[in-house]
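J.:
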Amino acid sequence: MSPSNLASVAVGRPVRGEFTYVVPDGLSGRLSPGQRILVPFGRSMSLGFFLGPATPPPESESVKLKPIMKVLEDSPSLPPDLIALLRFAAEHYRYPLGEVIKSALPPGLTKAEEEKQAKPDVQEFAVALVPEAPAVLRRAPAQSAALAYLLAVGGRAPIEEVAHAIPGARETLRKLVDRGFVRIEEEVIAPGVKEGLAQGRPDQLTPEQAAAVTELHTAVDLGGFQPFLLHGVTGSGKTEVYLRAVERALEHGKGSLVLVPEIALTPQLVGRFRSRFGADVAVLHSALKDRERLFHWQALRKGSVRIAVGVRSAVFAPVENLGLVVVDEEHDPSFKQEDKLRYQARDLAVVRAKQAGAVVVLGSATPSLETLENTRRGRYRKLELKNRVDDRPMPTIQLVDLRQERPREPLAQEEAPILSPPLLDAMAETIGRGQQVILFLNRRGHSTFLICEVCGTSVKCSECDVCLTYHRSQNRLVCHYCGVAHPVPEHCRECTGPLLKMGIGTERVEAEVAERIPQARVARLDRDSATSAERLTELLASFARREIDVLVGTQMVAKGHDFPGVTLVCVVMADTSLAIPDFRASERTFHLLTQVAGRAGRGKDPGRVLVQTYNPDAEPVKRMLAHDFDGFAEGELGRRKVLAWPPYTRMAAVRLEGESAEQTASVARLLGDFIGRNMPPASWGVRLLGPAIAPISRIRGRTRWQLLLKAPTHAALAPLLARLEAKLVDIPSAVRVTIDVDPAAML
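Taking the working numbering, the leading residue of the sequence shown gets 15, the next gets one more, and so forth.
Take a look at the structure:
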């Protein structure tokens with residue numbers, strides 16, 4: 015059988031490898047790499063992806079090949095450059111290729127169904143077809159009222175407006191349509207920009223912006239893979255540099271891909287891009303409706319839209335003729351996917367740009383140490399923006415030592431107020447001037463744990479080895495790992511003693527602000543309050559329009575936002591991430607503190623930052639107070655080099671979890687022995703740490719263990735990982751084992 019009659023197919027199932035199928039005569043010549051197809055697999059049918067011709071099996075093998083049953087789309091969902099990226103991701107991150115491809119596709123293309131064209135957003139209008147209410151409607155008062163309303167507003171109105179004015183009007187209008195008195199029209203809603211989130215094109219760039227733009231324009235003009243680090247202090251105008259680079263790519267007929275770490279950043283960034291490029295911007299993130307995500311994906315694939323803006327999954331967007339890739343806030347840990355395909359979107363963005371021959375720009379005020387080291391080794395070119403736009407000064411930073419400023423009240427049923435007198439005074443003064451305040455605390459809920467005043471027992475999740483968080487708005491205790499919620503107990507289950515609400519969350523900070531500064535208009539931005547893309551966009555737009563005085567939030571408020579009215583930023587507790595058992599804890603603390611401080615003073619008025627802490631001598635806090643990124647990076651890189659942590663090594667974590675603690679521990683030791691027996695020569699520099707029980711030993715009722723592999727290069731790790739992967743077929747199914755290449759978190 016000739017290769018032209020055989021197809022290599024990745025099956026959308028958790029199985030590794032590619033499979034060979036027969037191409038029936040009816041499909042000969044109709045297949046293109048990247049097309050979704052229907053194939054028999056096992057005893058059922060499955061979604062498959064045609065990858066190209068297959069090599070015939072050896073004649074010695076008696077194999078009966080199955081035929082492809084159906085082609086599910088006319089043109090491939092996946093362009094060739096995207097297939098290459100997905101192949102790399104599957105191999106590098108040790109994940110089945112078919113599942114990798116499925117994870118890259120939007121809803122509507124992940125099932126074994128024929129593709130349907132997604133419809134754009136439309137607004138429905140009711141149009142009156144008669145000049146006045148006919149006599150026949152006298153016995154139908156509801157229909158008469160709806161028609162009368164339409165005629166009163168000029169004969170045409172949005173259905174939503176009529177329904178708001180007259181209860182039950184939607185059904186009434188349908189009846190009027192059936193009787194021929196009204197017609198329903200649809201109008202496509204052009205992508206717009208929420209009031210407060212638009213931004214015009216500045217007439218003039220700063221000298222540093224102009225130099226960076228010139229370099230990027232030259233790179234785009236020349237074409238080919240060229241990686242850059244755009245290291246700019248907060249407020250230095252990095253977004254404008256991105257926009258000018260995208261403009262240049264469009265002039266060359268090339269597409270652009272722009273990644274941001276958080277859904278919270280997309281409304282403002284999309285507002286800026288649509289202010290500049292109109293409808294030529296597609297948005298991709300999980301908070302959109304399934305239909306919207308499919309619509310934007312299809313527009314990019316057809317080439318009718320050439321700019322994609324989105325979160326980490328947008329690295330797989332089918333941008334046609336890709337010429338520019340931008341990763342904003344490239345240091346952010348949100349770019350790492352923590353389940354299923356555990357990819358690092360920043361790294362894949364660089365790989366994609368290299369495969370496509372595109373320019374890639376990694377932007378940050380606090381670059382990751384991995385990116386910084388790549389710059390130092392000459393792999394990336396560094397562009398610097400050392401000054402803010404319009405020569406605005408960096409915000410002044412004041413330390414508030416909570417050891418002195420937060421009085422202890424041992425007999426109180428709750429902790430002492432978290433907002434110290436200096437912080438409250440600064441807030442009242444700022445609000446009195448008509449300016450805005452951001453309060454940052456990277457903890458959700460009201461109180462982060464409940465503890466018995468008598469026996470000291472804390473209230474823990476029954477399924478996870480963590481304390482439950484008290485959410486006052488729900489009056490429930492919630493686990494932030496498994497999501498289980500419980501009523502608040504009246505007393506300790508161990509000794510019936512009273513329970514104290516301890517630890518601070520954003521909900522409590524919001525309540526304290528409302529109580530202590532009653533004239534302030536307060537809102538909260540965290541995952542509990544931003545329940546949809548619409549709610550998130552409206553909240554940010556409302557803050558931009560200065561309808562909110564104080565915005566309390568988690569890391570969702572810390573990154574990338576540009577609100578000129580904000581002159582005061584308060585870090586409620588700088589210590590929350592310092593004690594985490596992770597070698598990156600110091601780096602992440604410095605990044606977060608610097609990023610949130612950078613939200614202050616981005617308008618004409620100077621900014622001020624107050625940092626509350628119990629650890630004023632901690633290195634990240636001291637360096638952040640001095641705006642000293644270089645000093646922090648130098649010290650942290652020196653420590654990492656001595657201890658052989660990234661960026662001086664590559665890592666892979668082997669994570670195990672199972673319902674039986676004994677069986678999980680046994681499998682962890684078995685894998686540790688297997689790896690020990692299969693280690694490469696000592697000269698390769700591969701090291702094994704563990705097995706050990708994970709810092710959070712149980713989540714969702716499953717015990718967790720982990721092993722850590724370290725090596726100078728990924729190439730030194732790859733053969734050992736391949737052998738380990740093959741060994742996993744012998745592991746009991748009750749214990750789940752995952753290989754996490756380039757892990758971001760050690761918990």
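Ideal Cβ placement from N, Cα and C applies to all residues, glycine included.
Please look up how many angstroms separate the CB atoms of A263 and L338, rounded, as I've assumed it's under 8 Å.
T.: Their Cβ separation, rounded to whole angstroms, is 4 Å, which keeps A263 and L338 in contact under 8 Å.
J.: Since I believe G519 is in contact with S461 (beta carbons under 8 Å), could you give me their beta-carbon distance rounded to a whole number of angstroms?
T.: Correct: roughly 6 Å between the Cβ atoms.
J.: Alpha carbon to alpha carbon, how far is H641 from V498?
T.: Near 41 Å, if we compare the C-alpha coordinates of V498 and H641.
J.: Between D619 and the rest of its own chain, which residues show a CB-CB distance below 6 Å, the 5 nearest in sequence each way excluded?
T.: These residues qualify, in order along the chain: T581.
J.: Restricting to Cα atoms, I'd like to know which of R193, G168, P155, E174 is closest to Q137.
T.: Nearest option by C-alpha distance: E174.
J.: Note the first and the last residue of the continuous alpha helix (DSSP H) segment covering A499.
T.: Looking at the DSSP string, A499 is not in any alpha helix (DSSP H); the run it does join, the beta strand (DSSP E), is 499-501.
J.: Taking the Cβ atom as the reference point for each residue, do K400 and E254 lie within a distance shorter than 8 Å?
T.: Not a contact, by the Cβ cut-off of 8 Å.
J.: What span of residues does the alpha helix (DSSP H) with Y163 cover, start to end?
T.: Looking at the DSSP string, the run of the alpha helix (DSSP H) that includes Y163 is 155-166.
J.: Helix, strand or coil: which one does DSSP assign to F557?
T.: Reduced to three states, the DSSP call for F557 is helix.
J.: Applying the 10 Å Cβ sphere with the 16-neighbour rule, what's the burial state of E524?
T.: It is buried - the Cβ of E524 has at least 16 other Cβ atoms within 10 Å.
J.: Per DSSP, which one or two residues make a beta bridge with V274?
T.: Its beta-bridge partners do not exist; DSSP assigns none.
J.: Hey, quick one: how far does the beta strand (DSSP E) through T581 stretch, first residue to last?
T.: Run containing T581: 580-585, per the beta strand (DSSP E) assignment.
J.: With distances taken from CA atoms, which of L438, D744, L187 is nearest R530?
T.: Closest by alpha carbon: L438.
J.: Determine, for L279, whether the minimum Cβ-Cβ distance to residues of chain D falls below 8 Å.
T.: Although the question refers to chain D, the structure presented lacks it and comprises just one protein chain.
J.: I need the straight-line Cα distance from A370 to S546, nearest angstrom please.
T.: A370 and S546: Cα-Cα distance of roughly 34 Å.
J.: My output table needs one value for F139: the three-state DSSP class, helix, strand or coil.
T.: In this structure, F139 counts as strand in the three-state DSSP scheme.
J.: Given a cut-off of 8 Å, decide if C469 and E508 are closer than it, judged by their beta-carbon atoms.
T.: Closer than 8 Å, so yes.
J.: Alpha carbon to alpha carbon, how far is P409 from I594? Give it in angstroms, no decimals.
T.: Going from the Cα of I594 to the Cα of P409 covers about 28 Å.
J.: Per the DSSP calculation, H485 is bridged to which residue(s)?
T.: DSSP output for H485 lists R490 as bridge partner(s).
J.: Between the region 348-358 and the region 303-321, do at least 3 Cβ pairs fall closer than 8 Å?
T.: At 8 Å Cβ cutoff, the stretches do not touch.
J.: Assuming D576 contacts A667 (C-beta within less than 8 Å), just tell me the rounded distance between them.
T.: At roughly 36 Å, the Cβ-Cβ gap does not stay under 8 Å, so D576 and A667 are not in contact.
J.: How should Q449 be labelled, buried or exposed, when 16 other C-beta atoms within 10 angstroms of its C-beta is the threshold for buried?
T.: It counts as buried.
J.: Beta-carbon separation of Q49 and V85 under 8 Å?
T.: Cβ atoms of Q49 and V85: closer than 8 Å.
J.: Does the distance from the CB of A544 to the CB of M570 come in under 8 Å?
T.: Going by C-beta atoms, A544 is nearer than 8 Å to M570.
J.: Bridge partners of M665, per DSSP?
T.: Answer by DSSP bridge pairing, in chain order: K724.
J.: For my contact list, H299 and G324 are in at a C-beta cut-off of 8 Å; report their separation, rounded to the angstrom.
T.: Right, the Cβ-Cβ distance comes to about 5 Å (below 8 Å), so this counts as a contact.
J.: Can you tell me whether Y109 is buried or exposed? The criterion is at least 16 other CB atoms within 10 Å of its CB, across all chains shown.
T.: Buried, because 16 or more other Cβ atoms sit within 10 Å of the Cβ of Y109.
J.: With the cut-off set at 8 Å, would you say V566 and V536 are in Cβ contact?
T.: Yes, the pair counts as a contact, with Cβ atoms nearer than the cut-off.
J.: Report yes if the C-beta distance between F604 and T248 is below 8 Å; otherwise report no.
T.: Their beta carbons are not under 8 Å apart, which means F604 does not touch T248 by this criterion.
J.: Taking the runs of the alpha helix (DSSP H) that are 4 residues or longer, which of them lie wholly in the region 357-411?
T.: Complete alpha helix (DSSP H) runs here, min 4: 359-370, 383-390.
J.: Can you name, in chain order, every residue of its own chain whose Cβ lies under 6 Å from the Cβ of P407, other than the five neighbours on each side?
T.: Around P407: P620.
J.: Taking only the alpha-carbon atoms, compute the straight-line gap between E633 and N388 and give it to the nearest angstrom.
T.: Rounded to the nearest angstrom, the two C-alpha atoms are 24 Å apart.
J.: Quick check on I51: does DSSP put it in helix, strand or coil?
T.: Strand, per DSSP.
J.: For E185 and L308, what's the separation of their Cα atoms in angstroms?
T.: C-alpha separation (whole angstroms): 29 Å.
J.: Would you call the region 741-757 in contact with the region 104-120, where contact means no fewer than 3 C-beta pairs closer than 8 Å?
T.: Touching, per the Cβ criterion.
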